[in-house]
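In this text, residue positions in the sequence shown follow our numbering: the first is 625, and each later residue adds one. Note that the Cβ used here is the ideal one computed from N, Cα and C, for glycine as well. Here the structure is a predicted model, which is why all the values come from computation and not from measurement. A short write-up of the structure that comes next.
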Amino acid sequence: MNLNYKIKNEKIVIFGHKGLIGSALLKEFKLRGYKQILTVSKKKLDLLNLKKVNNFFKKNKPKLVVLAAARVGGIYANNTYPFNFLYENMIIQNNLITCAIKYSCKRFIFLGSSCIYPKFWKKPFKENDLNLSNLEKTNESYAIAKISGLKLCENYNRQFNNQLPNFITIIPPNLFGPNDNYDDKNSHVLAALMKKFFFAKQKNLKKVEIWGSGNPKREFLYSEDAAKIISDLVELPLKKIHKYTKGNFSHINIGPGVDYKIRTLVKIIKKISNYNGKIFYNKKYPDGVKRKLLDVSLLKKISPESFDKNLTKKKNFEQKIKMIYEKLETKTFKKNKKNYSLNLSI
Ligand SMILES: NC(=O)c1ccc[n+]([C@@H]2O[C@H](COP(=O)([O-])OP(=O)(O)OC[C@H]3O[C@@H](n4cnc5c(N)ncnc54)[C@H](OP(=O)(O)O)[C@@H]3O)[C@@H](O)[C@H]2O)c1
Numbered sequence: 625m626n627l628n629y630k631i632k633n634e635k636i637v638i639f640g641h642k643g644l645i646g647s648a649l650l651k652e653f654k655l656r657g658y659k660q661i662l663t664v665s666k667k668k669l670d671l672l673n674l675k676k677v678n679n680f681f682k683k684n685k686p687k688l689v690v691l692a693a694a695r696v697g698g699i700y701a702n703n704t705y706p707f708n709f710l711y712e713n714m715i716i717q718n719n720l721i722t723c724a725i726k727y728s729c730k731r732f733i734f735l736g737s738s739c740i741y742p743k744f745w746k747k748p749f750k751e752n753d754l755n756l757s758n759l760e761k762t763n764e765s766y767a768i769a770k771i772s773g774l775k776l777c778e779n780y781n782r783q784f785n786n787q788l789p790n791f792i793t794i795i796p797p798n799l800f801g802p803n804d805n806y807d808d809k810n811s812h813v814l815a816a817l818m819k820k821f822f823f824a825k826q827k828n829l830k831k832v833e834i835w836g837s838g839n840p841k842r843e844f845l846y847s848e849d850a851a852k853i854i855s856d857l858v859e860l861p862l863k864k865i866h867k868y869t870k871g872n873f874s875h876i877n878i879g880p881g882v883d884y885k886i887r888t889l890v891k892i893i894k895k896i897s898n899y900n901g902k903i904f905y906n907k908k909y910p911d912g913v914k915r916k917l918l919d920v921s922l923l924k925k926i927s928p929e930s931f932d933k934n935l936t937k938k939k940n941f942e943q944k945i946k947m948i949y950e951k952l953e954t955k956t957f958k959k960n961k962k963n964y965s966l967n968l969s970i
């Protein structure tokens with residue numbers, strides 16, 4: 625089963641198209657001229673519901689599937705609602721992966737996360753470093769769900785597909801961009817910091833409180849840059865990926881391969897926002913893992929054209945943050961609508 629040049633005529637479905645990466649992927653696939661792009665909102669199709677997911681696949685029979693829908697959140701949400709993060713992500717991915725297999729999907733893209741790699745391990749993480757030991761406690765549930773989705777994809781390729789990686793998992797670092805989540809309790813570090821400085825400036829606050837010591841390092845990728853890389857990988861012949869992974873695994877790290885201290889990030893946003901007050905690092909809050917830089921040498925080998933050198937430049941990173949920050953002026957910050965009740969899909 626290999627994809628050919630006709631790929632843009634195939635029916636592609638992007639689950640989670642209103643989210644941070646899903647919306648960037650929708651934009652990218654439209655730009656590339658895909659002719660049959662399907663999307664469906666959570667209101668119309670709750671992916672926790674297997675019967676409804678099955679009906680969707682039965683009716684539409686998509687050949688390409690990108691799963692960008694998941695229970696996602698920052699350190700607070702992950703640490704406070706571990707049941708939701710484990711249960712919902714496992715059910716969503718099980719439902720989607722099994723239906724994609726049942727309805728003969730040619731290419732399935734699952735999105736993982738850099739938190740799948742062990743906490744105490746040399747950095748940067750290579751794909752082979754996935755060894756299931758000592759995950760970071762604050763996002764352990766999310767990581768276990770992601771690892772099990774990755775393994776479902778990998779073992780499907782291994783057992784039923786001659787080891788050809790039809791089902792691949794892409795591991796991005798922290799993402800940021802349009803349609804990010806700015807909720808106080810659910811957002812990721814970059815969105816949370818931008819919002820803090822935005823309001824501190826608006827309200828003329830004397831100090832900004834940052835959770836944790838500010839010493840951990842994080843790697844960031846702009847969602848639209850991530851969407852370009854992911855789309856390139858969707859279009860790549862399977863044999864090219866197989867050549868480098870040899871059927872031993874089917875996940876690929878993506879990202880700039882460069883990380884920054886949270887303190888550096890704080891300085892960048894402080895400058896962009898023109899904020900002159902004080903910064904207070906509140907060490908009562910957890911830092912999370914110290915570093916989780918990804919090794920992207922496999923991506924560079926498999927798809928060298930996907931790796932834009934600008935990604936590694938600090939100036940480029942600062943410009944992207946500035947671009948997003950400037951849009952905050954016109955943004956309406958909605959109250960948290962995430963539901964963490966016991967939503968069992970049975
Ligand atoms: N953001 C990052 O930094 C990052 C980094 C690495 C990997 N990833 C991965 O990328 C993927 C997408 O992340 P993201 O940041 O784009 O997330 P996001 O902005 O929160 O978007 C996720 C989307 O999934 C939808 N969704 C959640 N539960 C659903 C359900 N039961 N049925 C239907 N739709 C559902 C959400 O709808 P509602 O908003 O209505 O709930 C939302 O539109 C995830 O797999 C994540 O692990 C993200």
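DSSP three-state call for residue i: helix, strand or coil?
| i | result |
| --- | --- |
| L627 | No answer about L627 holds up, because its pLDDT of 48 lies below 50 and its placement is not dependable. |
| T956 | coil |
| H812 | coil |
| I733 | strand |
| D883 | strand |
| E833 | strand |
| Q660 | strand |
| E760 | coil |
| L674 | helix |
| L937 | What sits at residue 937 in the sequence shown is Lys, not Leu. Correct three-state label for K937: coil. |
| K841 | strand |
| Y905 | strand |
| F680 | helix |
| F931 | coil |
| K877 | Inspection of the sequence shows that residue 877 is occupied by Asn rather than by Lys. Reduced to three states, the DSSP call for N877 is strand. |
| K962 | coil |
| L754 | coil |
| F822 | helix |
| L669 | coil |
| L788 | coil |
| L817 | helix |
Could you round the C-beta distance between residue i and residue j to whole angstroms and report it? I think they count as a contact, below 8 angstroms.
| i | j | result |
| --- | --- | --- |
| G773 | F734 | 5 angstroms |
| G881 | L918 | 7 angstroms |
| P742 | S757 | 5 angstroms |
| K841 | K885 | 5 angstroms |
| P686 | L671 | Not a contact, Cβ separation roughly 14 angstroms. |
| L669 | F653 | L669 to F653, Cβ: 19 angstroms. No contact. |
| C723 | S874 | 19 angstroms between Cβ atoms; not a contact. |
| Y806 | F957 | 5 angstroms |
| S897 | K825 | 5 angstroms |
| I725 | Y780 | 6 angstroms |
| F639 | F732 | Not really, about 11 angstroms apart at Cβ, beyond 8 angstroms. |
| F823 | L814 | Not confirmed; about 15 angstroms, so no contact. |
| I740 | L754 | 6 angstroms |
| S855 | R656 | 6 angstroms |
From the options, pick the residue whose C-alpha is nearest to that of residue i; which is it?
| i | options | result |
| --- | --- | --- |
| V890 | K907, K951, K820 | K820 |
| K951 | P686, N839, N803 | N803 |
| K730 | S927, R782, I636 | I636 |
| V696 | I725, G736, G657 | G736 |
| H812 | F823, A824, K864, P797 | P797 |
| L817 | I945, L759, N786 | I945 |
| K908 | F931, Q717, G836, L799 | G836 |
| K683 | D753, F823, V664 | V664 |
| Y868 | K925, I893, T762 | K925 |
| K746 | V913, T704, L860, D856 | V913 |
| K630 | G643, A701, H641, Q660 | Q660 |
| Q787 | F844, M714, A769, I865 | I865 |
| L845 | L688, N940, L674 | N940 |
| K916 | N810, I795, N785 | I795 |
| Y905 | E848, E833, N702 | E833 |
| K675 | K902, V689, A648, N718 | N718 |
| F784 | E712, S728, N678, F749 | S728 |
| P928 | P910, I853, D911 | I853 |
The alpha helix (DSSP H) that contains residue i, what's its start and end?
| i | result |
| --- | --- |
| E778 | 764 to 784 |
| L655 | 644 to 655 |
| R887 | 886 to 897 |
| F709 | 706 to 726 |
| V858 | 847 to 859 |
| I794 | It is not in any alpha helix (DSSP H) - I794 instead sits in the beta strand (DSSP E) that spans 791 to 795. |
| L922 | 921 to 926 |
| L862 | 862 to 869 |
Ends of the beta strand (DSSP E) at residue i?
| i | result |
| --- | --- |
| F639 | 635 to 639 |
| L799 | 798 to 800 |
| L968 | Taken as a continuous stretch (DSSP letters only), L968 belongs to no beta strand (DSSP E), as it is neither H nor E. |
| L691 | 688 to 691 |
Specify which residues have a beta carbon nearer than 6 angstroms to any heavy atom of ligand 1, listing them in chain order.
G640, K642, G643, L644, I645, G646, K666, D670, L671, L672, A692, A693, A694, R695, V696, I716, L735, S737, P796, N798, L799, N805, H812
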